[in-house]
Ligand SMILES: *[C@@H]1O[C@H](CO)[C@@H](O)[C@H](O)[C@H]1NC(C)=O
Ligand SMILES: *[C@@H]1O[C@H](CO)[C@@H](O)[C@H](O)[C@H]1NC(C)=O
Ligand SMILES: *[C@@H]1O[C@H](CO)[C@@H](O)[C@H](O)[C@H]1NC(C)=O
Ligand SMILES: *[C@@H]1O[C@H](CO)[C@@H](O)[C@H](O)[C@H]1NC(C)=O
Ligand SMILES: *[C@@H]1O[C@H](CO)[C@@H](O)[C@H](O)[C@H]1NC(C)=O
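In this note's numbering, the protein residues as written are 229 to 473.
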């Protein structure tokens with residue numbers, strides 16, 4: 229309740245005194261308040277400053293708009309607040325290797341300049357929001373080592389600049405969407421250690437030949453024609469080029 233009041237107050241002061249408007253700082257400060265920060269890495273996040281550009285772990289562009297949040301391995305815990313989707317110029321959201329829990333907000337789909345979304349090695353649960361498929365600038369989507377459930381959204385096939393899709397070590401189910409075969413830029417596809425079923429779509433396998441895919445790991449799932457075993461790991465599929473007619 230107190231946090232909500234603070235946000236409302238900040239928005240009001242922003243509207244009343246345009247000169248001191250610090251929308252991105254307000255979002256980040258609300259996120260700071262929602263997190264536990266036992267190592268005090270967020271101590272410099274002072275909401276009374278005119279913008280967040282001098283705060284530690286924050287990088288801005290020339291217009292004082294936030295383009296990076298770098299808080300990997302920072303000891304923070306708690307949720308990702310939906311307001312993060314308001315950091316419209318963000319390119320790098322690096323929050324890996326913490327104890328973040330709760331769900332991935334669907335509003336992150338509003339970060340349409342994002343290049344890298346690194347939320348791996350946390351305690352995140354719930355589904356992968358299909359809205360992430362809007363972020364056509366995305367090159368790195370690494371959500372591995374969480375407790376994500378539900379199926380892989382077919383919309384991720386719209387990420388036609390993606391090089392690295394790492395969703396391994398979650399609890400994802402359903403089939404592998406054939407739309408991932410649209411991602412000609414994909415180099416690494418890691419889906420191992422989930423509960424995926426069905427077969428690997430030919431469209432996806434064909435990326436080894438027609439695209440840039442050099443590593444596909446689908447071990448430890450419930451895929452047709454495979455037996456779950458802890459000893460075997462598929463890390464590369466190497467074959468000769470297909471004959472063209
Ligand atoms: C800064 O803002 C101006 C005017 O809105 C815009 O033309 C320019 O591209 C922006 N620069 C950056 C680095 O975002
Ligand atoms: C996240 O972790 C905190 C602290 O352990 C806990 O109180 C909260 O209920 C958790 N939230 C979710 C959604 O799991
Ligand atoms: C951000 O994303 C959410 C969910 O996708 C959407 O409902 C909302 O309108 C978006 N907000 C803005 C400011 O674009
Ligand atoms: C994204 O992908 C989905 C499912 O593959 C498709 O239905 C949708 O039209 C695509 N959206 C855009 C904007 O390309
Ligand atoms: C494949 O990778 C090479 C080398 O990294 C790159 O130059 C090329 O543009 C990539 N092709 C596609 C379709 O992404």
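Every residue, glycine too, gets a C-beta built ideally from N, C-alpha and C.
| Item | Value |
| --- | --- |
| Locate the beta strand (DSSP E) running through residue 346, then write down its first and last residues. | 344 to 346 |
| If you check the beta carbons only, do residue 361 and residue 338 fall under 7 Å apart? | no |
| Please give me, in chain order, every unbroken run of the alpha helix (DSSP H) with length at least 4 that falls completely inside the region 251 to 309. | 251 to 262 |
| Report yes or no: do the region 373 to 389 and the region 349 to 360 share at least 3 C-beta pairs separated by less than 8 Å? | yes |
| So, are the CB atoms of residue 370 and residue 346 less than 7 Å apart? | yes |
| Where do the ends of the beta strand (DSSP E) carrying residue 323 lie? | Segment: none, residue 323 is in no beta strand (DSSP E) and carries neither H nor E. |
| When we look at the beta-carbon of residue 246 and count the other beta-carbons within 10 Å, is it buried (16 or more) or exposed? | For residue 246, the predicted structure reports a pLDDT of 44, less than 50, and the residue's modelled location is therefore unreliable. The matter cannot be settled from this model. |
| Can you name the start and end residues of the beta strand (DSSP E) that residue 444 belongs to? | 443 to 445 |
| In angstroms with no decimal places, state the Cα-to-Cα distance between residue 445 and residue 279. | 43 Å |
| Sorry if obvious, but does the Cβ on residue 374 come closer than 6 Å to a heavy atom of ligand 2? | no |
| Alpha carbon to alpha carbon, how far is residue 384 from residue 261? | 31 Å |
| For residue 252, collect the residues of the same chain with a Cβ closer than 8 Å to its Cβ; drop the 5 residues on either side in sequence, then sort them by chain order. | 279, 280, 293, 294, 314 and 315 |
| Within a Cβ cutoff of 6 Å, which residues of the same chain sit near residue 283, ignoring the five residues on either side of it in sequence? | 272 and 273 |
| Given 6 Å as the limit, tell me if residue 300 has its C-beta closer than that to any heavy atom belonging to ligand 2. | no |
| Measuring from each Cβ to the nearest heavy atom of ligand 2, keep the ones under 5 Å and list them in chain order. | 329 and 330 |
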